[in-house]
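The block underneath contains the structure these notes are about, expressed in structure tokens.
Residue numbers (our numbering): 32 to 221.
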């Protein structure tokens, strides 16, 4: 009796790769991964998902400054005049973007404040270096160390987000303000 379906070589390769990926990811799995309905995914999509999971699990933890050759180091902001700060800031933003590091919510910060934030908080931060072409790191520049949402609420939250926050917290959000330093920064592709 002849088979009804003859898989093409690409389909076979995809299934073989799926088996390899499932074997490789096995030591890293926990119960959370089984919440994904793999049966509903085409094998090629499942493979991309498993590849990204495996890349994440195997990625080294490296300070962002060491993602660059030579290591990206910024001189203290107090040693630079305003023009130098602006020039070095934009050079640094472009270099960060070249490594798929995107800065979000920066328009409330002056150039000096953003430069200082990059030097003090972003470059020394230890982050998993996942080397996948569609993987971008988004750095929320409105976040504070104590996770105070005031800056985000004042400058970036939508009306709906502000309303939801107010309902959850039982108080009014801080007054909305227009960000004083609008920038057109590079962004991750949609």
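Quick reminder that beta carbons are idealized off the backbone N, C-alpha and C, glycines included.
inquiry  = By the DSSP assignment, the beta strand (DSSP E) with residue 135 in it spans what residues?
reply    = Locating residue 135 in the chain shown gives position 104, where the first residue counts as 1. Unbroken beta strand (DSSP E) run through residue 135: 132-135.
request  = Assign residue 142 to one of two classes, buried (16 or more other C-beta atoms within 10 Å of its C-beta) or exposed (fewer than that).
outcome  = Reading the chain shown from its first residue, position 111 is the one you call residue 142. Buried, since its Cβ has 16 or more Cβ neighbours within 10 Å.
inquiry  = Please identify the residue among 40, 117, 150, 98 whose C-alpha is closest to the C-alpha of residue 107.
reply    = Locating residue 107 in the chain shown gives position 76, counting from the first residue. For residue 107, the nearest C-alpha among the options comes from 150.
task = Please list the segments of the alpha helix (DSSP H) lying wholly inside the segment 48-125, counting only runs of 4 or more residues, in order along the chain.
result = 74-89
3 or more residues per run - each beta strand (DSSP E) lying fully within the segment 145-198 = As for any beta strand (DSSP E) of minimum length 3 sitting wholly inside the segment 145-198, the runs are 157-159, 168-171, ordered along the chain.
query = Skipping 5 residues on each side, what residues in its chain have a beta carbon closer than 6 angstroms to that of residue 217?
reply = Counting from 1 along the chain shown, the entry for residue 217 is found at position 186. Only 128 meet the Cβ criterion.
message = Among 126, 73, 98, 59, whose alpha-carbon lies nearest the alpha-carbon of residue 89?
response = Residue numbering aside, residue 89 sits at position 58 when the chain shown is read from its first letter. Taking only the C-alpha atoms, the option nearest residue 89 is 59.
ask   = In whole angstroms, what separates the C-alpha of residue 193 from that of residue 175?
value = Numbered from 1 along the chain shown, position 162 holds the residue referred to as residue 193. Numbered from 1 along the chain shown, position 144 holds the residue referred to as residue 175. Taking the straight line from one Cα to the other gives about 18 angstroms.
ask   = Cβ atoms of residue 95 and residue 156: under 9 angstroms apart, would you say?
value = Position 125 of the chain shown holds residue 156. Position 64 of the chain shown holds residue 95. For residue 156 and residue 95, yes; Cβs fall inside 9 angstroms.
inquiry  = Tell me the DSSP secondary structure of residue 141 in three-state form.
reply    = Residue numbering aside, residue 141 sits at position 110 when the chain shown is read from its first letter. Note: residue 141 maps to coil in three-state DSSP.
ask   = For residue 46, which three-state DSSP category applies?
value = In the chain shown, counting from the first residue as 1, residue 46 sits at position 15. Residue 46: helix per DSSP, three-state reduction.
request  = Say whether chain D places a C-beta atom closer than 9 angstroms to the C-beta of residue 204.
outcome  = Given the protein chain composition of this structure (a single chain), no chain D is represented.
request  = Alpha carbon to alpha carbon, how far is residue 182 from residue 160? Give it in angstroms, no decimals.
outcome  = The residue you call residue 160 lines up with position 129 of the chain shown. The residue you call residue 182 lines up with position 151 of the chain shown. Here the alpha carbon of residue 160 sits roughly 28 angstroms from the alpha carbon of residue 182.
inquiry  = To the nearest angstrom, how far is the alpha carbon of residue 77 from that of residue 45?
reply    = Within the chain shown, the letter at position 46 stands for residue 77. Within the chain shown, the letter at position 14 stands for residue 45. Looking at the two C-alpha atoms, the distance is approximately 10 angstroms.
query = With 16 other CB atoms within 10 Å as the buried threshold, where does residue 98 fall?
reply = Residue 98 sits at position 67 when you count from the first residue of the chain shown. Buried: at least 16 other Cβ atoms inside 10 Å.
task = Consult DSSP for residue 220 and reduce its assignment to one of helix, strand or coil.
result = Against the chain shown, residue 220 aligns to sequence position 189. Correct three-state label for residue 220: coil.
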